[in-house]
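In what follows, a single structure is set out as structure tokens and then discussed.
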Amino acid sequence: MVNFSLEGKVALVTGASYGIGFAIATAFAKAGATIVFNDIKQELVDKGLAAYEAEGIKAHGYVCDVTNEEQVNAFVAQVEKEVGIIDILVNNAGIIKRIPMVEMTAAEFRQVIDIDLNGPFIVSKAVIPSMIKGHGKIINICSMMSELGRETVSAYAAAKGGLKMLTRNIASEYGEYNIQCNGIGPGYIATPQTAPLRERQADGSRHPFDAFIVAKTPAARWGTPEDLMGPAVFLASDASNFVNGHVLYVDGGILAYIGKQP
Ligand code: NAP
Ligand code: GCO
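Here the working numbering is used: the first residue of the sequence shown is 370, the next is one more, and so on.
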């Protein structure tokens, strides 16, 4: 029988006070997992805890910046002591800066790389030693920009392209220890991160990018965080124990589609 259950598992989802991480963690909880999440501000951790409680989920929230190796190591040790060994890690925390490359400072570029690529490296490195003793699942939240570029997102695309290859490398290096590392590549999902791309124009019309994405998506809609729940539970469960180094695109078909003739 195929096993999609997460009963008895401890799942850490980084940056999961809201947005995609919150939806994935909620799905994991409904599948039986104990939820651990972090954010960089206590007020957001508190807001997240309240949001999980409203869903009937008793989550464990911690303040931790994924780019700070000392903080991450202390955080993981604290979770292992207070909650248990982490069976499932979702590297979800991430930012984007939409700036034309020639106008982006090196510091801005480095900040995106630090959170979106160095962060997953640091957190994965902290949890793998305990996973090696048993079994582990690592899911990296990649992007359309793991495969495609577009104007103003050079740092983000470089980070998410790198995250795809980090996913493949963790799969290659630790697969023999029964650790599976895969990616989820969401399409365009309606969250705070993409709100600027969907806001109404001054004249009340739709944002041009909003109309563009809907035309580019065979499903003819933006995705929702809920669209990612099933794929995430699949990759976190024993049902995917022979899936390794794969990036599962959950994009409504964007990557398969040349786009509607204007
Ligand atoms: P979001 O709404 O902006 O949420 C991002 C989360 O990451 C927030 O909770 C944020 O906390 C947290 N975070 C940022 N920097 C952090 C750090 N240094 N340490 C710990 N937490 C940190 O984004 P989202 O749309 O849910 O996206 C989640 C992930 O999916 C990101 O990796 C994003 O790149 C990826 N993704 C999004 C889409 C999309 O269309 N939305 C598509 C593909 C991939 P604060 O609020 O405190 O900053
Ligand atoms: C953008 C968007 C995208 C999405 C996502 C697509 O500005 O193009 O923010 O990057 O966030 O990554 O998969």
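Just so it is clear, CB atoms sit at the ideal spot from N, CA and C, and this is done for glycine as well.
*Does the Cβ-Cβ distance between T586 and A392 come in under 9 angstroms?*
Against the sequence shown, residue 586 aligns to sequence position 217. Against the sequence shown, residue 392 aligns to sequence position 23. Result no, Cβ atoms of T586 and A392 do not sit closer than 9 angstroms.
_Start-to-end residues for the beta strand (DSSP E) that takes in Y626_ = Taking the first residue of the sequence shown as 1, we reach residue 626 at position 257. That residue, Y626, is in no beta strand (DSSP E); it is neither H nor E in DSSP.
*asked:* In whole angstroms, give me the CA-to-CA distance for N509 and R569.
replied: Locating residue 509 in the sequence shown gives position 140, where the first residue counts as 1. Locating residue 569 in the sequence shown gives position 200, where the first residue counts as 1. When rounded, the distance between both Cα atoms is 31 angstroms.
*Go ahead and label G599 buried or exposed: buried means 16 or more other beta carbons lie within 10 angstroms of its beta carbon, across all protein chains shown.*
Looking up residue 599 in the sequence shown gives position 230. Exposed.
*asked:* Between R567, S499, V602, which has its C-alpha nearest A446's C-alpha?
replied: Looking up residue 446 in the sequence shown gives position 77. It is S499 whose Cα lies nearest to the Cα of A446.
_Per DSSP, cross-strand counterpart(s) of I510_ = For this step, residue 510 is matched to residue 141 along the sequence shown. Beta-bridge pairing links I510 to I553.
*Tell me whether N372 is buried or exposed, calling it buried when 16 or more other Cβ atoms sit within 10 Å of its Cβ.*
As a first step, residue 372 must be located in the sequence shown, where it is residue number 3. By the 10 Å Cβ count, N372 comes out exposed.
_Presumed contact (8 angstroms Cβ cut-off) between G417 and L375, rounded CB distance_ = Counted from its first residue, the sequence shown places residue 417 at position 48. Counted from its first residue, the sequence shown places residue 375 at position 6. Actually they do not touch by this definition, with Cβ atoms about 19 angstroms apart.
*With DSSP collapsed to three states, give me the class of V612.*
As a working mapping, residue 612 is identified with position 243 in the sequence shown. Coil, per DSSP.
*Does DSSP put F581 in a helix, a strand or coil?*
Position 212 of the sequence shown, counted from the first residue, corresponds to residue 581. Here F581 sits in helix by DSSP.
*Assigned secondary structure, T536 (DSSP; H/G/I helix, E/B strand, else coil)*: Within the sequence shown, numbered from 1, the residue matching residue 536 stands at position 167. T536 falls in the helix class under three-state DSSP.
_Pick from F603, L617, A396, D579 that is closest to T536, judged by C-alpha positions_ = The residue labelled residue 536 in the question sits at position 167 within the sequence shown. Minimum Cα distance to T536 is reached at L617.
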